Amino acid sequence: MCCQDPSEDGRRLSARPIALAVAIVAIGVGAARAASASPGHDGRVISSIFNPASTPAASIHQLSLLVISICAGIFVVVGGLLAYTIVRFRWRGENRQEPPQVYGSYPIELAWTVVPLMIVFILFLATTRTIGELDKTSAPPHALQVTVVGHQWWWEFRYPSLGITTANELHVPVSTPADPRPTFLTLESADVVHSFWVPRLAGKTDMIPNRINHMWIEPWKSGTYLGQCAEFCGTQHAHMLLRVVAQSPADFAQWAAAQQRPAVADPRVAAGRRLFQSTACVNCHAVGGTAAQGSFGPDLTHLMDRVTIGAGAARNTAQNLRLWVADPQQLKPGCRMPAMQLSATQVDEMVAYLLTLK
Ligand code: CUA
Numbered sequence: 002m003c004c005q006d007p008s009e010d011g012r013r014l015s016a017r018p019i020a021l022a023v024a025i026v027a028i029g030v031g032a033a034r035a036a037s038a039s040p041g042h043d044g045r046v047i048s049s050i051f052n053p054a055s056t057p058a059a060s061i062h063q064l065s066l067l068v069i070s071i072c073a074g075i076f077v078v079v080g081g082l083l084a085y086t087i088v089r090f091r092w093r094g095e096n097r098q099e100p101p102q103v104y105g106s107y108p109i110e111l112a113w114t115v116v117p118l119m120i121v122f123i124l125f126l127a128t129t130r131t132i133g134e135l136d137k138t139s140a141p142p143h144a145l146q147v148t149v150v151g152h153q154w155w156w157e158f159r160y161p162s163l164g165i166t167t168a169n170e171l172h173v174p175v176s177t178p179a180d181p182r183p184t185f186l187t188l189e190s191a192d193v194v195h196s197f198w199v200p201r202l203a204g205k206t207d208m209i210p211n212r213i214n215h216m217w218i219e220p221w222k223s224g225t226y227l228g229q230c231a232e233f234c235g236t237q238h239a240h241m242l243l244r245v246v247a248q249s250p251a252d253f254a255q256w257a258a259a260q261q262r263p264a265v266a267d268p269r270v271a272a273g274r275r276l277f278q279s280t281a282c283v284n285c286h287a288v289g290g291t292a293a294q295g296s297f298g299p300d301l302t303h304l305m306d307r308v309t310i311g312a313g314a315a316r317n318t319a320q321n322l323r324l325w326v327a328d329p330q331q332l333k334p335g336c337r338m339p340a341m342q343l344s345a346t347q348v349d350e351m352v353a354y355l356l357t358l359k
């Protein structure tokens, strides 16, 4: 058996790298599918650019599938040729000769110049078209306008037409072809560069001090869409999370009406309210209908409407509020809110007051 045909041996070996390439592509596709469909721990679908739920995200998704498939094609062709060449022309002892060397072949040189140029041109056209669709500097018709201000480390949402200011949870109406209601966002920063990103709704847009950027979203289905700051902005960049709550137009109107009301003034928590209004809390926080009109920290008028505190640092529960009021640095080290040095009784009074801000 000393004289086995080496070319047959080469064919058998070259199947392995191709199988490997196919396996890598299959794993990639499988992971993308899993990421696009698996529900999160509390029933929410996790964020994924492969599961768009809004027009801009869908355009970006389509474009990325085109780019990924073209790149995958190039990878398979180049990788396949490379694997074939490595195996077919590998060293087989002294008596084998070099393969024929080709110099100055016009057809080959023309082919490897024209084909890449065409691929780049197709990608250029597709990208330009998508950017043209997404990049709006003025609000589309029927749009709800929201000003988003990035702060270290939370999000401020202002609805100028509705007179609402809230934080970290952006409520918007659902948009359908029969009743289009896009939301047009004006993005600003109060301090450093942040980036607004809700993967299922749109791409990322930076929020730059002294500059105004715009983007728009148009969720098709009601639900909660998770996002985060996508530009490193300091110690608590990782705890600069946001939620977009898309609601039916009726639910959104109801939410907006509730937000427009001033804060509840419950006589049972008068001690906590007095404490709040007599400490430095009012320098940073606003509570609608009271003397507290600070704007450095989140507006607390309807604090209990929100699911989290500290821009996603913790769930908004009585226990976490107690921890937060006693010393915010425990839940969010480095955050801008200092511990107010309150006694245990004062913390209880303060939290009882905050719990009434529905
Ligand atoms: Cu804000 Cu990162």
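Residue 348 in the numbering used here sits at position 347 of the sequence shown, and the numbers go up by one each step. Cβ coordinates follow ideal geometry from the N, Cα and C atoms, glycine included. Quick caveat, the model's predicted, so the values are computed rather than measured.
- The three-state secondary structure of V150, taken from DSSP, is strand.
- Counting only runs that start and end inside the segment 239-274, the beta strand (DSSP E) elements of at least 3 residues fall at 242-248.
- Minimum Cα-Cα distance from L145 among the listed residues F185, I123 and T131 corresponds to F185.
- With at least 16 other beta carbons inside 10 angstroms of its own, I218 counts as buried.
- Spanning the alpha carbons of W154 and R89 requires a straight line of approximately 58 Å.
- Per DSSP, reduced to three states, the secondary structure at G228 is strand.
- Under DSSP, P220 shares a beta bridge with S55.
- Sixteen is the threshold: when 16 or more other Cβ atoms of the shown chains lie within 10 Å of the Cβ of A287, as they do, the residue is buried.
- Residue pairing by DSSP places F158 opposite V149 and T167 in a beta bridge.
- When secondary structure is reduced to three states using DSSP, W92 falls in the coil class, being assigned neither helix nor strand.
- Per DSSP, E99 is not a residue of any beta strand (DSSP E), being assigned neither H nor E.
- For the 9 Å CB-CB criterion, D180 and V194 do not form a contact.
- Residue state for D192 is assigned as coil, using DSSP reduced to three classes.
- Sixteen is the threshold: when 16 or more other Cβ atoms of the shown chains lie within 10 Å of the Cβ of I165, as they do, the residue is buried.
- By the 16-neighbour rule on beta-carbons within 10 angstroms, N284 is exposed.
- Within the same chain, and ignoring the five residues on either side of H143 in sequence, the residues whose Cβ sits closer than 8 Å to its Cβ are P181, R182 and P183.
- Rounded to the nearest whole angstrom, the CA to CA distance from L356 to M216 is 34 Å.
- Between the ligand CUA and the CB of H195, the shortest heavy atom gap is smaller than 8 Å.
- Boundaries of the alpha helix (DSSP H) harbouring T131: Y107 to L135, taken from the DSSP string.
- Short of 6 Å from the beta carbon of N214, and not among the five residues preceding or following it, lie these beta carbons of its own chain, in chain order: L188 and T206.
- Membership of T138 in any alpha helix (DSSP H) is not indicated, and neither H nor E is assigned to it by DSSP.
- One alpha carbon belongs to L83, the other to V115, and they sit about 21 Å apart.
- For the pair L243 and G313, the CB atoms are nearer than the 9 Å cut-off.
- For T346, the uninterrupted alpha helix (DSSP H) run begins and ends at A345 to L355, by DSSP.
- Secondary structure of V175 (DSSP, three-state): coil.
- In summary, G228 is buried, with 16 or more beta-carbon neighbours lying within 10 Å of its beta-carbon over all protein chains present.
- In this structure, the ligand CUA has a non-hydrogen atom nearer than 8 Å to the beta-carbon of E232.
- Beta-bridge analysis with DSSP links A287 to Q294.
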